[in-house]
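Shown next, in structure tokens, is the structure this report addresses.
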Amino acid sequence: MAHLLFFVLIFAGQLIGGFSAQKQHPSNNGKLITILSIDGGGIKAIIPATILDYLDKALKAKDPKADLADYFDVMGGTSTGSITTAMLATPSLDHPTRPAYTPAQIVDFYKQNGPRIFNQSSYKLEKSQVAVSEVLQQNEDPEILVLSLGTGATKIEENFDARLAGTWQQPIWTVIDPQFQGRAYTAITEYYFYSLFSGFQSHNTYLRVQVNFYYVLHCD
């Protein structure tokens, strides 16, 4: 049953992603476009889901009828990020004006079904940039407010330098290279958005939330 639901959510996520190619109509005073962008990364999707759950509870503390999806004009994601956005955007069968899943239910979904659905090969991080790109292409001089949620990044405290790296053999590079790639993907994503927003509007309109995992790497 979990695998069937997973397939349906993937299909819905891709379908919603396809709809993002249509011209967007900002709902907030006809000018400001609010965007939720979620990275993919296998079971690590539980990280942005937990952040959204916290945000949803904060909004409901002010307005019990508030739905997180109502605060965004565009929601986009890659891989499991698209699954999360599909679950947020899908209307409830019983109450079509309300979402089928709350962020808390999405967190529970990943907790209960994640170990059976995802394996180690699913852990590759995928960065979500399509939502912002589509809006920029289809709207002239838009005012954009973006919340971009990551699925975790590894911060390494290195104990080596270029001289030492020059002596490494293939077994060491097999361990080191994937870590460099992950850090490069994160840096490229953050640089892309920073450059994009610094060109035409305030940096205060872009918030990137990323969880960092630290460990010490010794290569002697």
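Numbered by mature numbering (1 follows the signal peptide of the UniProt record, and there is no 0), the letters in the sequence shown go through residues -21 to -1, 1 to 199 in order.
Positions of the beta carbon are idealized from the N, C-alpha and C atoms, including for glycine.
With distance defined between alpha-carbon atoms, name the residue in Gly129, Lys23, Met54 nearest to Ala68. One-based indexing of the sequence shown puts residue 68 at position 89. Minimum Cα distance to Ala68 is reached at Met54.
Quick check on Tyr89: buried or exposed, where buried means 16 or more other Cβ atoms within 10 Å of its Cβ? Residue 89 sits at position 110 when you count from the first residue of the sequence shown. It is buried - the Cβ of Tyr89 has at least 16 other Cβ atoms within 10 Å.
Please classify Tyr33 as buried or exposed, where buried requires at least 16 neighbouring CB atoms within 10 angstroms. Counting from 1 along the sequence shown, the entry for residue 33 is found at position 54. Around the beta carbon of Tyr33, a 10 Å sphere encloses fewer than 16 other beta carbons of the protein chains shown; the residue is thus reported as exposed.
What span of residues does the alpha helix (DSSP H) with Ile62 cover, start to end? Mapped onto the sequence shown, residue 62 falls at position 83. Unbroken alpha helix (DSSP H) run through Ile62: 59 to 68.
Judging by CA-CA distance, which residue of Arg142, Asp46, Ser71, Leu124 is the nearest neighbour of Leu15? Counting from 1 along the sequence shown, the entry for residue 15 is found at position 36. Answer by Cα proximity: Leu124.
Quick test of your reading: Ile17 and Gly56, contact by CB under 8 Å. State the CB separation rounded to the nearest angstrom. The residue given as residue 17 occupies position 38 in the sequence shown. The residue given as residue 56 occupies position 77 in the sequence shown. Indeed, because the Cβ distance is near 4 Å, the residues count as touching under 8 Å.
With burial defined as no fewer than 16 other Cβ atoms inside 10 Å of the residue's Cβ, what is the status of Leu126: buried or exposed? Within the sequence shown, numbered from 1, the residue matching residue 126 stands at position 147. The residue in question, Leu126, is buried, as its Cβ has 16 or more Cβ neighbours within 10 Å.
Kindly indicate which residue of Gly60, Thr64, Lys39, Asn92 has the alpha-carbon position closest to the one of Phe51. The residue labelled residue 51 in the question sits at position 72 within the sequence shown. It is Thr64 whose Cα lies nearest to the Cα of Phe51.
What residue does the beta strand (DSSP E) around Tyr185 start on, and which one ends it? Looking up residue 185 in the sequence shown gives position 206. From DSSP, the beta strand (DSSP E) with Tyr185 extends over 185 to 188.
Just mark Thr81 as buried or exposed, buried being the case when its beta carbon has 16 or more other beta carbons within 10 Å. Residue numbering aside, residue 81 sits at position 102 when the sequence shown is read from its first letter. Buried is the call here.
Counting C-beta neighbours from all protein chains within 10 Å, is the total for Val188 16 or more, i.e. buried, or is it exposed? Within the sequence shown, the letter at position 209 stands for residue 188. With fewer than 16 Cβ atoms within 10 Å of its Cβ, Val188 is classed as exposed.
Hey, Ala48 and Pro78 are a contact pair by Cβ (cut 8 Å); roughly how many whole angstroms apart? Counting from one through the sequence shown, the residue named residue 48 turns up at place 69. Counting from one through the sequence shown, the residue named residue 78 turns up at place 99. With 8 Å as the limit, Ala48 and Pro78 qualify as a contact, their Cβ atoms being about 5 Å apart.
Who are the near neighbours of Leu128 in its chain, counting only those whose CB is closer than 6 Å to its CB and skipping five residues on each side? The residue you call residue 128 lines up with position 149 of the sequence shown. Same-chain partners within the cutoff: Ile17, Pro27, Ile30, Val188.
Buried or exposed: Ala24, going by 16 or more other Cβ atoms within 10 Å of its Cβ? Reading the sequence shown from its first residue, position 45 is the one you call residue 24. Flag for Ala24 reads buried.
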